[in-house]
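A.B. asks: Below you will find the structure I want to go over with you.
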């Protein structure tokens, strides 16, 4: 994973899906308690104790995941996973998603939005991207919440590989704490703009 990650604003649009991806897969990040995270990495799939009936949030941004889990130091988030899923599954979730907050220009009235939110198997949330110090940047990164059918398909159909990247998180964090930002940046996963194509709902960038 010795790749580059752009962590300055540059010409970044306010909303853009960026991810580490190949021709067939997309990498997303999650953090779990060790009992679940280590079992998932060992088996390459989520264990039976992973609750398929709960909403699960996946993050294509490594640094946003580091912000959320405190570099793997927060309770019940000590094991950081890089989950490789199919592009088809990722795009299915996006096409069937609803925005997690109400926007009048997109949703009309609040009742319509609330009804869509209840029915949608996926939720889109835009959060500020983070730099190596986990400070907010002026552009946003995607969080994707999966529930119901989407959560079950994520665990049982879309996931093609799970890697425990906790050692990577700790190494990068150590370099940041030592002030060696160039070396830390060299270790970050490459997150490139992700082509969404046609047929996406209006809350996603064209």
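Residue numbers (the working numbering): 42 to 247.
In this text, a Cβ means the ideal position worked out from N, Cα and C, and glycines have one as well.
(1) Just to confirm the assignment, what range does the alpha helix (DSSP H) spanning residue 52 have?
(2) Which residue from 132, 58, 112 and 134 puts its Cα closest to that of residue 208?
(3) Figure out for me which residue from 70, 137, 138 and 79 has the closest Cα to the Cα of residue 109.
(4) Report the rounded CA-to-CA distance for residue 104 versus residue 232, giving the unit in angstroms.
(5) Got a sec? Which residues, its chain only, sit under 8 Å from residue 234 by beta carbon, not counting five neighbours each side?
(6) Judging by CA-CA distance, which residue of 168, 141 and 170 is the nearest neighbour of residue 156?
(7) So, for residue 119: in the same chain, excluding its five sequence neighbours on each side, which residues have a beta-carbon less than 6 Å away from its beta-carbon?
(8) Less than 8 Å between the C-beta atoms of residue 79 and residue 181, yes or no?
(9) CA-CA distance, residue 195 and residue 122?
(10) Reducing DSSP to helix, strand and coil, say where residue 87 ends up.
(11) Compute the Euclidean distance between the alpha carbons of residue 211 and residue 63, then round it to the nearest angstrom.
(12) In three-state terms, what does DSSP make of residue 165?
(13) Leaving aside the five residues before and after residue 227 along the sequence, list all residues of the same chain whose C-beta is less than 6 Å from its C-beta, in chain order.
(14) Whole angstroms is fine: what's the gap from residue 218's alpha carbon to residue 77's?
(15) In or out: residue 170 buried (at least 16 other Cβ within 10 Å) or exposed?
(16) Would you kindly report the start and end of the unbroken beta strand (DSSP E) that includes residue 219?
(17) As a quick exercise: from 175, 115, 126 and 197, pick the residue whose alpha carbon is nearest that of residue 225.
(18) Give the single residue among 61, 132 and 102 whose Cα lies nearest to the Cα of residue 172.
(19) Please return the same chain residues whose Cβ sits closer than 8 Å to the Cβ of residue 215, not counting the five positions on each side in sequence.
(20) Can you give me the C-alpha to C-alpha distance between residue 127 and residue 197, rounded to a whole angstrom?
C.D. replies: If we stick to the structure as given:
(1) Numbered from its first residue, the chain shown carries residue 52 at position 11. Segment: none, residue 52 is in no alpha helix (DSSP H) and carries neither H nor E.
(2) Counting from one through the chain shown, the residue named residue 208 turns up at place 167. Closest option to residue 208, judged by alpha-carbon separation, among 132, 58, 112 and 134: 112.
(3) Mapped onto the chain shown, residue 109 falls at position 68. Minimum Cα distance to residue 109 is reached at 70.
(4) As a first step, residue 104 is located in the chain shown; it is residue number 63 there, counting from the start. As a first step, residue 232 is located in the chain shown; it is residue number 191 there, counting from the start. Cα to Cα, the separation comes out at about 10 Å.
(5) Locating residue 234 in the chain shown gives position 193, where the first residue counts as 1. Excluding residues within five positions, the ones whose Cβ falls inside 8 Å are 57, 58 and 59.
(6) The sequence position of residue 156 within the chain shown is 115, counting from 1. Closest by C-alpha distance to residue 156, out of 168, 141 and 170, is 141.
(7) Counted from its first residue, the chain shown places residue 119 at position 78. Closer than 6 Å at Cβ, skipping near neighbours: 75 and 113.
(8) If you number the chain shown from 1, residue 79 lands on position 38. If you number the chain shown from 1, residue 181 lands on position 140. Between residue 79 and residue 181, the CB-CB gap reaches or exceeds 8 Å.
(9) Position 154 of the chain shown, counted from the start, is the residue given in the question as residue 195. Position 81 of the chain shown, counted from the start, is the residue given in the question as residue 122. Going from the Cα of residue 195 to the Cα of residue 122 covers about 14 Å.
(10) For the purposes of this step, residue 87 is identified with residue 46 of the chain shown, where counting begins at 1. It is coil, neither helix nor strand.
(11) For this step, residue 211 is matched to residue 170 along the chain shown. For this step, residue 63 is matched to residue 22 along the chain shown. Going from the Cα of residue 211 to the Cα of residue 63 covers about 25 Å.
(12) Counting from 1 along the chain shown, the entry for residue 165 is found at position 124. Strand.
(13) Numbered from 1 along the chain shown, position 186 holds the residue referred to as residue 227. Cβ neighbours of residue 227 beyond the five flanking positions: none.
(14) As a working mapping, residue 218 is identified with position 177 in the chain shown. As a working mapping, residue 77 is identified with position 36 in the chain shown. Distance between the alpha carbons of residue 218 and residue 77 is about 28 Å.
(15) Within the chain shown, numbered from 1, the residue matching residue 170 stands at position 129. Around the beta carbon of residue 170, 16 or more other beta carbons sit within 10 angstroms, so the residue counts as buried.
(16) Locating residue 219 in the chain shown gives position 178, counting from the first residue. Per DSSP, residue 219 belongs to no beta strand (DSSP E) and is neither H nor E.
(17) Here residue 225 is taken as the residue at index 184 of the chain shown, counted from 1. Of the listed residues, the one whose Cα sits closest to residue 225 is 175.
(18) Taking the first residue of the chain shown as position 1, residue 172 is located at position 131. Closest by alpha carbon: 102.
(19) Along the chain shown, read from residue 1 onward, the residue named residue 215 stands at position 174. Around residue 215: no qualifying Cβ.
(20) Here residue 127 corresponds to residue number 86 of the chain shown, with the count starting at 1. Here residue 197 corresponds to residue number 156 of the chain shown, with the count starting at 1. Cα-Cα distance, rounded: 12 Å.
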